[in-house]
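Below you'll find the structure, written out as structure tokens, and then a few comments.
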Amino acid sequence: TNLPREIMQIPDFPIKHNEGSSFVHHSVIREYLWDYAKHFNLYPHIKLNTVVKHVEPDTLPNGQTIWMITYEDLQSKIKTTKTFDAVVLCNGHYTVGHVPHIPGTESFPGGTIHSHQYRVPEVYARKKVCILGASWSGIDIALEVSQYAEKVYLSHDLPESIDLKMLENVEQRPGIQSIQGNIFIFRDGSTAEVDNFIYCTGYKFTYPFMSTKVEIRTDDNHVEPIYKYLIHMDYPNLFIMGLPGLVIPFPMFHLQAQYILGILESRIKLPATEQMREEYEMEKKALLDLGIPLRHITKLKERQWAYYDEIAAAANIPSLPPVIRKIYDHLDQMRELDFTIYKNYQYRIIDDENFVVCYCKPC
């Protein structure tokens, strides 16, 4: 993980694993989610080996919108359609990789994958590898692959080189202008011979199962028309969980779920559709005026804390305690100091305001 367990756990269920570095292996998180489902007896409410094929709205004579969901059992291949009063989309946005067009990619004879397909670095032993994109995945993969590869080119369009203590065989280059066979031409005119290419260029929001009656725009990888990063403005009983990025995911899901529950139980009164649109457009304009690109509006980072406080207050539940933000900010500083060792720290929460941290020497 790239977040410590102490702040990524769901508020009503702590992660049991509490030894060593706070940055646990993905298998620990998988087991944590299994334990969560068992603890709260969720399995009877989950249909495994099932794919949602279609989600269709219908309007009753009284004006209420209901939802007809068609799903398929992947083992029996039997399709079933059932009707629901509300729908919460939780299909995530880390499944379909965004692959930008680069002239000449079809001429590249080497291996090409998206970071979503990346598994182990050993396959790149003695290879020359180009990694496009320098967000968390790009940097993490560059660090891993560089331990085996002959050369790693970390290509990105950031205004400055990343101040990272990389291994000597990692070289930063600008974005890729074009590809000619196994020669990559970068935007500064420099070239490199490449054996393998890894796209670390993010993901796309996709809702292939949704009826065309429901407008969900994903232009420039920005989802509209969604109020409070959660509620479809035309269908206030349609919710999309987990849209924001650069957040603490599990705690945010917890708060969003409580907010949705408040709406469904009529404890939270939503504004009229037009008012929701006005509020949304005003907020969007303010962010665009600050120079934030449309595609980055849902990347909350420093704005996440106000968002948590807002939806928690509306749901009449406690927001995240201040210590969570303090650990998050400390982690940010440690990443800036040295990206190669920040995952060796162990955090321990003392109370709602305070924490301690120590460095765990790698084995």
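According to full-length UniProt numbering, the sequence shown is numbered sequentially starting from 1.
Here a beta-carbon is modelled for each residue, glycine too, at the ideal position from N, C-alpha and C.
Residue i versus residue j - alpha carbon distance
i, j, result
"MET334", "TYR342", "6 Å"
"TYR32", "HIS25", "11 Å"
"VAL123", "PHE40", "40 Å"
"ARG5", "SER22", "5 Å"
"MET68", "PRO11", "33 Å"
"PHE239", "ILE311", "14 Å"
"PHE339", "GLY138", "12 Å"
"ASP309", "GLN64", "31 Å"
"VAL87", "LYS299", "24 Å"
"THR1", "LEU290", "31 Å"
"TRP305", "LYS82", "38 Å"
"PHE253", "LYS361", "33 Å"
"ARG303", "GLN75", "44 Å"
"GLU168", "GLY181", "26 Å"
"SER115", "THR212", "30 Å"
"GLY133", "ALA313", "37 Å"
"SER135", "ILE231", "28 Å"
"TYR359", "VAL28", "20 Å"
"GLU336", "ARG30", "28 Å"
"TYR199", "ASP157", "14 Å"
"ARG119", "PHE250", "23 Å"
7 Å Cβ cutoff met for residue i and residue j
i, j, result
"SER190", "GLN172", "no"
"MET241", "CYS90", "yes"
"THR201", "VAL96", "no"
"VAL223", "LEU246", "no"
"LYS165", "ALA149", "no"
"ILE183", "MET8", "no"
"LYS77", "THR70", "no"
"ILE327", "PHE355", "yes"
"ILE179", "ILE102", "yes"
"GLY175", "SER146", "no"
"TYR229", "ALA192", "no"
"PRO159", "GLU144", "no"
"ASN196", "ARG295", "no"
Coil, strand or helix - residue i by DSSP
i, result
"LYS343", "helix"
"ASN354", "coil"
"ARG173", "strand"
"residue 369", "Any answer about residue 369 is impossible in this case: the structure gives the chain only from 1 up to 363."
"TYR153", "strand"
"HIS39", "helix"
"LYS301", "helix"
"GLU224", "strand"
"LYS213", "coil"
"THR105", "helix"
"MET68", "strand"
"THR112", "strand"
"ILE141", "helix"
"ALA192", "strand"
"residue 409", "This structure leaves residue 409 out entirely; the chain is present only between 1 and 363."
"ASP309", "helix"
"HIS25", "coil"
"PHE250", "helix"
"ILE263", "helix"
"ALA10", "Reading off the sequence shown, one finds Ile at residue 10, where the question assumed Ala. The answer is strand: DSSP assigns ILE10 an E or B state."
Cβ-Cβ separation, residue j to residue i (assumed contact under 8 Å), whole Å
i, j, result
"LYS53", "PHE209", "6 Å"
"HIS98", "LYS269", "About 37 Å; that fails the 8 Å criterion."
"PRO57", "TYR235", "6 Å"
"TYR227", "ALA315", "Contact flag wrong, Cβ pair sits at about 15 Å."
"ASP85", "ILE66", "6 Å"
"GLU72", "VAL51", "5 Å"
"VAL170", "ALA142", "6 Å"
Any C-beta of chain C under 7 Å from that of residue i
i, result
"GLU31", "Annotation note: the requested chain C is absent from the structure, which comprises a single protein chain."
Check whether the segment 319-328 touches the segment 263-279, counting contact only when three or more Cβ pairs, one atom from each stretch, lie closer than 8 Å. Too few Cβ pairs lie closer than 8 Å, so no.
Within 8 Å, do at least three Cβ pairs link the segment 185-199 to the segment 212-221? Using a Cβ-Cβ distance cut-off of 8 Å, the segment 212-221 and the segment 185-199 are not in contact, since fewer than three pairs of beta carbons, one from each stretch, lie closer than that value.
Count the C-beta pairs between the segment 278-291 and the segment 96-109 that are closer than 8 Å, then say yes if the count reaches three, no if not. Per the Cβ contact rule, the segment 278-291 is not in contact with the segment 96-109 (fewer than 3 Cβ pairs under 8 Å).
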